[in-house]
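Residue numbers (the working numbering), protein chains in the order written: chain A, 1 to 610; chain B, 1001 to 1503.
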């Protein structure tokens, strides 16, 4: 079964090519069969590989030699171990469910084929990123997912705002990618290879703990991870990325692509373990990001932006976990987050569709009774997000906080505070959207025949995964260093109680005692603070002032190329001297004669004197 | 064999001119046939090299070498040779020649005979430049290549063609003069040392080190080549020339002529003046890095589609300068890869710009927008080449820039780090181009025809080339590997020789 591994990225890639070339000639049914079927098949193959996979094994499949010059060589080769298997399952499995949902969601879009072509291409790139056995191939997948993310954020290209959001996402992540590329150059120069396995073993052998080269290399890789995973200071693209269709937000900007940074760091954990400084940086970035974006999520009014900030915040938890050395917990949270965040986004998609693309939660309310199924799904998703006991989110967040306590109580405190904020914003969403009085009458969309079933099926499967995903056993022991942590009972109790507390607080504020909330909002200074948080802590304005405006200014003043003045100067000089000489040639004999006489006198004078 | 290639092209050029008397459509057919036949002559060579038959004619990297006496009194000979690098570049020249003909198929309607004469004559000159190893002969071909371009821009160009053509000719002639001085200077130096004149590449290798004037001769040659490349601040002829040239002119300029400058640096400048590697490399690399950023910034600022692409070329050529002065096998192969891949991607982008201009009669991006819905194929293809230009892995441009950067990181870390950051700039201007032309609301009510079969075929050819260079570059790299080893050896050898003499 393992030798079918190459088919997993190839199937979506082929389907994408078919859809691109056949655009305009395919019926909707064949588009679905091609676009969704290929992913389903890939997921089936992945499943059967997983069933027969021994957790202690790793498997390398060489497709072809990419390039080799001297010692610089890279292959198109796939590498499968416990870690990449977990990612493989998430990407194909969740990918399939979201594709299934999208087949219904996007049904009446005129660019149905283009949508699935991009989605399939994205999956192919993401699978290459996951399975790459060397850093260059990983970089191919890395840039490939960035490209597809760009294409899908700007999917509705008629609106320039979408194009702007797409470019912003691409360019900001590219800043991170540049750091990753430089890190790759450094690793190659120091260790003479690009193969991930060789690099990691070479790094542990050659570099002592705390070596500065290891630190620099790790920080550069972190730069790439921060960009792709929307962490501080490169997080500001993700909220705008919600301009894309909702299934895109679910797949790319929640479940898979944005977790690529987490995967990269886990993949290179040997390198990070060599550098305590880099580890601390990872943890601190994670903590700051989860708190800052949690606060932003509290005050957003657009349902997708709330979910976007919550994604940033949850990936912050994963970074925190990586930074404190809870490797398996980070990956576990990645998996459960993929389940419940995909569920949340798709449920939100159903709400948005029913309200004719209204996304402001101010326009929503009382939808619980009108859309009970979606409400149920959303409730499950929010419970997992808030990490209420016995949901999947609880099982994955708990070990992160425990390990954080073990490393530094301050990190734990931040994480626990973040958990409170998480519970607050996720249930704020529930109470505002699904309770209270009805503000906009929902019109659930009618899809013909089987298409109508696709969205509920996808949602129910995701809901099951989100509820029971916490009981999964991931085959990570042999890949990632494991830790057994038993923090004091008090800490565990606090970890468990905080989400419940958050939900209760939210309930009392939004249902029991709305006047208290109004009074809170009227406190002096809060409105400015809320505006500040809503703008994402002013990062956009900062980058605009410090980077974008100066560059625009420079481009504007130099539009006509200052260097061109150089050659223009030559031309001006020649024209000037030409005019001087023209004056001399006036055509008057007297003038010529007197000049000649002067010249003769001058020459004779010179001759006499010298 | 090599002489035959050039003679064929010149013959075809003359025939194309004459054929106009028969019919106005005849010249382009003659030109097409000429290039086809020339390519047929080249193909066996390519396959034989790929099978390792022709490698090592002289025990080194030359595949073919022809030497005939020409002006023996001054040691000038008709010396043509081809190695893997020349082979690839000649191939690029001929393929882009075909594409240039395809792109002028309907665009050029006046004086077609003379047009195709100039096109083919220019190509003949370029093939000569890529194969000549006698410096005097090299100079002759250099001129043969440039003069026809003056006519191409000046006669069939757009609104400001006379200004652009004049600017082009002044820049190139001044730099050619510097080159001639440097070449003659080298021959005189050789005379001083050995008592006989020689313009032979093999005689002159490393000889630039021997003289106190060596630096100035090197500088002359350097300026001649970087004007052609072009590098900051000597690039200002390029945006005008590109913008005003007809599509075929832009294709040839961007795809082929710029590469002669880079080729000159690799083949002649460093091997003739190996010392300059130590002393001049930081300057060269700095100019390269400035070019990367300056080109990107100006590309971003343009409203004229063709100007944007022209400035992006300046940015891409900066990588070549960086790779050349890093002077190791990886960076050099990356630089040559960059010549090939930029040849295809820039040519394709200029063709796209030409196609848009032919349809809406404007190059102003403020009048474009929303073309995606009208011409989805054109838009998707433009996106492909924009992605190539910003260096998406999987396409040849990535391999090229990656190899240049990873190679130059070995020798100059700060310059490489800066150049890598330049990749962000490439993303900015490439995506803004897509946004302004194809995305957004439709600006005009022109009904716009999508690509027809002829255009699709040429574009597909270039896309396949870039995909092959990106996904399976090894055959190409195998052709380059012995050349780069040889060149490095030459540079080292001549430095050591000099060290021996000094002792």
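For glycine and all other residues, C-beta sits at the position ideal for the given N, C-alpha and C.
If you look at residue 1070 of chain B, you'll find it in the beta strand (DSSP E) that goes 1062-1071. Residue 177 of chain A: member of the alpha helix (DSSP H) spanning 160-191, first to last residue.
The beta carbon of residue 1387 of chain B falls within 9 Å of a beta carbon belonging to chain A, placing the residue at that interface. Around the Cβ of residue 327 of chain A, a 10 Å sphere holds 16 or more other Cβ atoms; the residue is buried.
Inter-residue distance for residue 1009 of chain B and residue 1149 of chain B is about 16 Å (C-alpha atoms, whole angstroms). DSSP links residue 67 of chain A through a beta bridge to A:74.
Setting aside the 5 residues that flank it on each side, residue 138 of chain A is surrounded in the same chain by 129, 132, each with a C-beta closer than 7 Å to its C-beta; the list follows chain order.
Beta-carbon to beta-carbon, residue 1490 of chain B and residue 1271 of chain B are separated by about 5 Å, close enough to satisfy the 8 Å threshold. Contact holds between the stretch 96-106 of chain A and the stretch 32-49 of chain A, because three or more Cβ pairs, one in each stretch, are under 8 Å apart.
Listed in chain order, the positions of the stretch 176-195 of chain A with a beta carbon within less than 7 Å of a beta carbon of chain B are 178, 181, 182, 185, 188, 189. About 6 Å separates the beta carbon of residue 307 of chain A from that of residue 345 of chain A, a gap short enough to meet the 8 Å contact definition. Residue pairing for residue 1076 of chain B: DSSP places it in a beta bridge opposite B:1071.
CA-to-CA, the gap between residue 183 of chain A and residue 218 of chain A works out to about 8 Å. Of A:360, A:237, A:43, the smallest CA-CA separation from residue 304 of chain A is found for A:360. Contacts with chain B at 9 Å (Cβ-Cβ) include residue 554 of chain A. Taking CB atoms only, residue 551 of chain A has a neighbour in chain B less than 9 Å away. In the DSSP assignment, residue 401 of chain A falls within the unbroken alpha helix (DSSP H) covering 392-407. Remark: fewer than three beta-carbon pairs, one from each stretch, lie closer than 8 Å, so the stretch 1371-1378 of chain B and the stretch 1281-1292 of chain B are not flagged as touching. Against chain A, the CB of residue 1154 of chain B has no partner CB under 9 Å away; the residue lies outside that interface. Using a Cβ distance threshold of 9 Å, residue 1199 of chain B and residue 1186 of chain B count as a contacting pair.
Counting of Cβ neighbours within 10 angstroms places residue 377 of chain A among the buried residues, the total reaching 16 or more. Ranking A:70, A:165, A:5, A:517 by CA distance to the CA of residue 1480 of chain B puts A:70 first. Annotation for residue 397 of chain A: 387 place their beta carbon closer than 6 Å to its own, counting only its chain and skipping 5 residues before and after.
Counting every other CB atom within 10 Å of its CB across the protein chains shown gives residue 471 of chain A a total below 16, marking it as exposed.
Interface flag for residue 1222 of chain B against chain A is unset, since no Cβ pair is found closer than 9 Å.
The stretch 115-127 of chain A and the stretch 10-24 of chain A touch, with no fewer than 3 CB-CB distances between them shorter than 8 Å.
The C-beta of residue 1167 of chain B comes closer than 9 Å to at least one C-beta of chain A. Below 8 Å, too few C-beta pairs join the stretch 1360-1373 of chain B and the stretch 1405-1421 of chain B to call them touching: fewer than three. Each residue's CA atom was taken as its position, placing residue 343 of chain A and residue 95 of chain A some 12 Å apart. When the Cα atoms are used, residue 432 of chain A and residue 351 of chain A turn out to be separated by approximately 13 Å. In the DSSP assignment, the residues bridged to residue 61 of chain A are A:78. For residue 227 of chain A, there are no C-beta contacts with chain B under 7 Å, since the nearest C-beta of that chain is about 11 Å from it. The criterion of a C-beta distance shorter than 9 Å is satisfied by residue 1105 of chain B and residue 1028 of chain B. By the CB criterion at 9 Å, residue 1097 of chain B and residue 1035 of chain B fall inside the cutoff.
Nearest CB-CB separation between residue 1300 of chain B and chain A: below the 9 Å threshold. Take residue 1133 of chain B, set aside five residues on each side of it, and the residues of its chain with a beta-carbon closer than 6 Å to its own are 1079, 1081, 1201, in chain order.
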